[in-house]
Amino acid sequence: MDQELRERVQREAEKHALFNALKYESDADVGAVMGPLMGENPEFRPHGDAIPGVVGAVVAEVNEMDTAEKRARLEELEPDLVEELDAEEDAEERVLPDLPDVEDYEQVRMRLAPNPNGPWHIGHARMPAVIGTYKEMYDGWFVCRFDDTDPETKRPDLDAYDQILDAIDYLGFEPDEVMNASDRVEIYYDHARELVEKGGAYTCSCPAEEFSEMKNAGEACPHRDKDPETTMVEFEAMIDGEYDAGEMVLRVKTDITHKNPALRDWVAFRIIDTPHPREAAAEYRCWPMLDFQSGVDDHLTGVTHIIRGIDLQDSAKRQQFVYDYFGWEYPEVVHWGHVQIDAYDVKMSTSTIKGLIEDGELDGWDDPRAPTVASVRRRGIRGQAIVDAMVELGTSTSNVDLAMSTVYANNRELIDDEANRYFLVREGVEKQVVGGPDAGHPPVHPEHPDRGDREIPVTDGVVVEPDDVPANGKRVWLKGYGCVRHTRDAFEYTGDDISAVREEGVDVVHWAPADQNVPVRMRTMEGDVTGVAEPGFADVPEDEMVQFERVGFARVDERGDEATVTYFAHP
Ligand SMILES: [Zn+2]
Numbered sequence: 211m212d213q214e215l216r217e218r219v220q221r222e223a224e225k226h227a228l229f230n231a232l233k234y235e236s237d238a239d240v241g242a243v244m245g246p247l248m249g250e251n252p253e254f255r256p257h258g259d260a261i262p263g264v265v266g267a268v269v270a271e272v273n274e275m276d277t278a279e280k281r282a283r284l285e286e287l288e289p290d291l292v293e294e295l296d297a298e299e300d301a302e303e304r305v306l307p308d309l310p311d312v313e314d315y316e317q318v319r320m321r322l323a324p325n326p327n328g329p330w331h332i333g334h335a336r337m338p339a340v341i342g343t344y345k346e347m348y349d350g351w352f353v354c355r356f357d358d359t360d361p362e363t364k365r366p367d368l369d370a371y372d373q374i375l376d377a378i379d380y381l382g383f384e385p386d387e388v389m390n391a392s393d394r395v396e397i398y399y400d401h402a403r404e405l406v407e408k409g410g411a412y413t414c415s416c417p418a419e420e421f422s423e424m425k426n427a428g429e430a431c432p433h434r435d436k437d438p439e440t441t442m443v444e445f446e447a448m449i450d451g452e453y454d455a456g457e458m459v460l461r462v463k464t465d466i467t468h469k470n471p472a473l474r475d476w477v478a479f480r481i482i483d484t485p486h487p488r489e490a491a492a493e494y495r496c497w498p499m500l501d502f503q504s505g506v507d508d509h510l511t512g513v514t515h516i517i518r519g520i521d522l523q524d525s526a527k528r529q530q531f532v533y534d535y536f537g538w539e540y541p542e543v544v545h546w547g548h549v550q551i552d553a554y555d556v557k558m559s560t561s562t563i564k565g566l567i568e569d570g571e572l573d574g575w576d577d578p579r580a581p582t583v584a585s586v587r588r589r590g591i592r593g594q595a596i597v598d599a600m601v602e603l604g605t606s607t608s609n610v611d612l613a614m615s616t617v618y619a620n621n622r623e624l625i626d627d628e629a630n631r632y633f634l635v636r637e638g639v640e641k642q643v644v645g646g647p648d649a650g651h652p653p654v655h656p657e658h659p660d661r662g663d664r665e666i667p668v669t670d671g672v673v674v675e676p677d678d679v680p681a682n683g684k685r686v687w688l689k690g691y692g693c694v695r696h697t698r699d700a701f702e703y704t705g706d707d708i709s710a711v712r713e714e715g716v717d718v719v720h721w722a723p724a725d726q727n728v729p730v731r732m733r734t735m736e737g738d739v740t741g742v743a744e745p746g747f748a749d750v751p752e753d754e755m756v757q758f759e760r761v762g763f764a765r766v767d768e769r770g771d772e773a774t775v776t777y778f779a780h781p
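Counted the way the numbering used here counts, the sequence shown spans residues 211 to 781.
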């Protein structure tokens with residue numbers, strides 16, 4: 211091999227070694243470099259025997275560099291490869307599919323349009339998770355618009371407005387704007403008047419059933435052809451409260467013979483006698499239907515992309531008629547399937563959860579048995595863990611299942627480092643310890659020796675969980691203390707030679723002192739559990755996460771007089 215060829219081999223090998231090391235965030239190795247090197251450079255093949263030696267030296271040099279040096283060097287040798295690396299990294303992070311036709315808009319603008327008829331169940335977290343993530347992807351914008359124009363059947367819950375904004379914040383997003391549809395009723399009236407003037411709507415006093423029969427037969431009702439002036443007078447009378455509920459509606463004139471009957475002359479406004487719970491909107495009786503209200507708002511707020519359930523496909527088609535009358539462009543729409551959730555006995559439905567709370571079967575929206583945002587939050591699950599799991603589900607039109615185990619795995623990664631270790635013994639059995647040291651000293655965190663060791667006294671005996679008591683004559687390893695043998699009714703210390711565990715298969719168990727312990731009540735999805743924790747647990751501040759070894763992660767909720775209340779997060 212002459213000098214020139216050797217230099218070329220070195221140069222090519224270095225590029226591959228740098229690229230590999232950066233891509234996999236690890237050391238480069240000769241084998242991984244040889245394949246592409248020989249594949250791309252057939253002229254090297256006659257020198258096959260000598261090349262691994264040259265490559266080996268290059269790889270060793272590359273492995274001496276830190277990441278910044280590797281990047282700088284690759285930038286120097288082959289800038290395209292650095293770009294390729296960055297693109298791959300972006301693709302890994304970006305699990306959501308691209309939104310349609312993004313390039314046609316100056317800014318991606320979306321809306322989160324919750325109905326404030328109750329706090330959120332976990333399924334509701336999907337929309338902010340996905341919209342918030344798209345906002346980050348495209349440097350976009352989103353409004354949180356409370357679609358609260360049905361004071362009767364989907365009656366707003368006055369507390370839910372703030373609870374929903376809180377939930378969005380917990381998930382890690384902030385709306386660029388917040389608005390209530392019930393503050394915008396005059397705007398909907400003005401648009402309805404304009405629509406009437408354009409001949410796009412008519413007031414109709416047909417009883418609902420009669421209209422439905424005519425509509426299904428593709429026949430116009432007698433009111434369809436009235437002149438806009440009459441309609442205007444009657445619509446103003448609707449606004450002024452001159453009709454009772456059911457006496458008069460305003461219909462959008464669509465196509466009375468449309469092949470989809472759901473699109474034929476749909477109701478845009480109706481009378482609701484029940485006053486709106488918000489004082490600012492309590493006087494209104496003439497209310498827009500959701501399709502009219504949201505259609506107008508989406509246009510006025512410049513929404514470019516709508517994400518909605520596949521079950522609402524007709525909405526876009528209904529609203530298209532209004533958009534056509536006004537000459538507006540309809541936003542891009544992504545329809546997605548339903549999300550189901552496992553692990554819960556309680557159905558993920560606002561009305562079901564509300565009912566169970568009213569009946570006293572659940573303690574509230576944050577009861578750990580309720581599949582709600584408030585309950586997972588109280589258990590110490592980070593919003594990010596939910597967002598990541600939701601984003602992973604994508605936006606396909608098929609129904610998807612959210613596995614809580616995915617949320618738990620995400621959360622474990624987020625909290626493991628900060629969660630210090632403690633022992634919690636549930637329904638413990640007491641044993642005296644004979645011989646051995648006065649205290650055990652397990653580490654505060656196995657990966658952070660700097661946090662030191664705990665001190666757990668054994669002089670007054672210990673408690674262990676019933677299943678952890680070995681048969682008489684058998685041994686068990688009290689973690690952080692040592693090995694004990696169950697003799698008659700006590701634990702006899704037999705030493706701290708770890709080979710008992712590693713070679714003889716003695717079980718390692720958690721334990722707590724029989725005295726000087728901290729009573730704990732732990733709330734779980736299966737009901738409450740009681741037990742005692744080691745003394746050091748008394749110093750953990752409220753709201754902090756801990757790991758009860760061999761039990762799982764929990765959030766310290768409240769220091770009560772009788773017991774510390776904790777919420778179980780996950781194993
Ligand atoms: Zn009619």
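We put the beta carbon where it would ideally sit given N, CA and C, even for glycine.
On a predicted model such as this, the values are computed, not experimentally measured, just so you know.
Burial check for residue 658: the Cβ neighbour count within 10 Å stays below 16, so the residue is exposed. DSSP, read as helix, strand or coil, puts residue 728 in strand. In the DSSP assignment, residue 412 falls outside any alpha helix (DSSP H) and lies within the beta strand (DSSP E) extending over 411-414. With 5 Å as the limit, the residues whose C-beta approaches any heavy atom of ligand 1 more closely are 414, 416, 431, 433, in sequence along the chain.
Remark: C-beta atoms of residue 366 and residue 487 approach each other more closely than 7 Å. Of the candidates 748, 744, 737, 737 places its Cα closest to the Cα of residue 777.
At the C-beta level, residue 584 and residue 556 stay beyond 7 Å of one another.
The continuous stretches of alpha helix (DSSP H) do not include residue 543, which lies in the beta strand (DSSP E) extending over residues 542-546. Taking every protein chain shown into account, the CB of residue 334 has 16 or more other CB atoms within 10 angstroms, so this residue is buried.
It is roughly 20 Å from the alpha-carbon of residue 712 to the alpha-carbon of residue 702. Around residue 405, the same chain offers 411, 462, 478, 532, 535, 536 as residues with beta carbons nearer than 8 Å, after the five sequence neighbours per side are excluded.
Under the DSSP definition of a beta bridge, residue 640 partners with 673. Sequence-distant partners of residue 474 (beyond 5 residues in either direction) whose C-beta falls short of 8 Å from its own C-beta, in its chain, are 425, 428, 464, 465, 466, 467, 468. Nearest neighbour of residue 781 by Cα position, chosen from 761, 765, 770, turns out to be 761. The alpha-carbon of residue 347 is positioned some 36 Å away from that of residue 655. Shortest Cα-Cα distance from residue 510 to any of 320, 523, 258, 690 involves 320. Shown here, residue 291 sits in a helix according to DSSP, grouped into three states.
A buried status is given to residue 515, since no fewer than 16 other beta-carbon atoms sit within 10 Å of its beta-carbon.
The Cβ atoms of residue 243 and residue 223 sit closer than 7 Å to each other. Looking from the CA of residue 362, the closest CA among 231, 492, 672 belongs to 492. Inclusion of residue 743 and residue 612 in the CB contact set at 7 Å is not warranted, their separation being larger than that value. Counting only runs of at least 4 residues, the region 387-468 fully encloses the following alpha helix (DSSP H) elements, listed from N- to C-terminal order: 395-407, 418-426, 438-449. Excluding the 5 residues flanking it on each side, residue 368 has same chain C-beta neighbours closer than 6 Å at 487, in chain order. In this structure residue 247 is in contact with residue 265, their Cβ atoms being roughly 7 Å apart against a cut-off of 8 Å. Only residues of its own chain outside the window of five on either side were considered, and among them 673, 674, 675, 722, 741, 742 have a CB closer than 7 Å to the CB of residue 638, listed in chain order. When Cβ pairs closer than 8 Å are counted between the two stretches, the region 219-238 is seen to touch the region 267-275, the count reaching three or more. Judged by DSSP secondary structure, residue 566 falls within the alpha helix (DSSP H) whose first and last residues are 560-568.
Note on geometry: alpha-carbon atoms of residue 518 and residue 733 lie some 35 Å from one another.
Using a C-beta cut-off of 8 Å, the region 342-361 makes no contact with the region 281-300, since fewer than three inter-stretch Cβ pairs fall below that distance. CA-to-CA, the gap between residue 398 and residue 374 works out to about 24 Å. Residue nearest to residue 524 within the set 391, 417, 476 is 476 (criterion: CA-CA distance).
Look at residue 614 here: in three-state DSSP terms it is helix.
Counting along the chain, residue 632 sits inside the beta strand (DSSP E) bounded by residues 630-632.
Between residue 395 and residue 763, the alpha-carbon positions lie close to 48 Å from each other. Residue 281 and residue 330 have their C-alpha atoms roughly 45 Å apart.
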